[in-house]
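Student: Numbered according to the numbering used here, the sequence shown spans residues 153 to 271.
Below is one structure. I have some questions about it.
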Amino acid sequence: MVEIINQNLVNNNISSCYVHGKLTSEEKTNSFNSFKKDKGKKVLVGTKLVSEGINIPELNYVILVNYLPQIHEYIQTAGRIRGESACITLWNEACRDEFSINSKCIVSQMSSFYGLANI
């Protein structure tokens, strides 16, 4: 699914890169290096792997596929993107577990995570 979404972006002249757990280490490294070298690439498509320790300063859009993160993982992933940007999650019920984000209202979950009064 990650590769299909990435190919659709490319077919619509949106420069992007993808990673997922089934790629070899070399393929993942090549993909990230390609992303970092091409300043026109602003979209990263991937699975849970995208939320784990990736630092790409030019990143504007993250599309998480088949993964519904916990609130702290979502905050960490969204924090990787810069400026006018978005973190999009595409998931189905099979991705949900007891710790996943409640897809209905992320604001209250973020407030709770940071210990703030609900806004």
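Heads up, the beta-carbon is just placed ideally off N, CA and C, and yes, glycines get one too.
Predicted model only: the values in this text are computed from it and were never measured.
#1: Considering only DSSP beta bridges, list what Tyr213 is partnered with.
#2: Compute the Euclidean distance between the alpha carbons of Leu196 and Leu216, then round it to the nearest angstrom.
#3: Can you look up Ser183 in the DSSP assignment and give me helix, strand or coil?
#4: Taking buried to mean at least 16 other C-beta atoms within 10 Å of its own C-beta, is Ser167 buried or exposed?
#5: Can you tell me which of the three DSSP states Ser167 falls into?
Tutor: Quick look at the numbers:
#1: What you label residue 213 is simply residue 61 of the sequence shown in a count that begins at 1. Answer is Val195 and Ala238.
#2: Here residue 196 refers to the residue found at position 44 of the sequence shown. Here residue 216 refers to the residue found at position 64 of the sequence shown. As the crow flies, the alpha-carbon of Leu196 is around 8 Å from that of Leu216.
#3: On the sequence shown, position 31 is the one that residue 183 refers to. Helix, per DSSP.
#4: The residue given as residue 167 occupies position 15 in the sequence shown. With fewer than 16 other Cβ atoms within 10 Å, it is exposed.
#5: As a working mapping, residue 167 is identified with position 15 in the sequence shown. Of the three classes helix, strand and coil, the one that applies to Ser167 here is coil, per DSSP.
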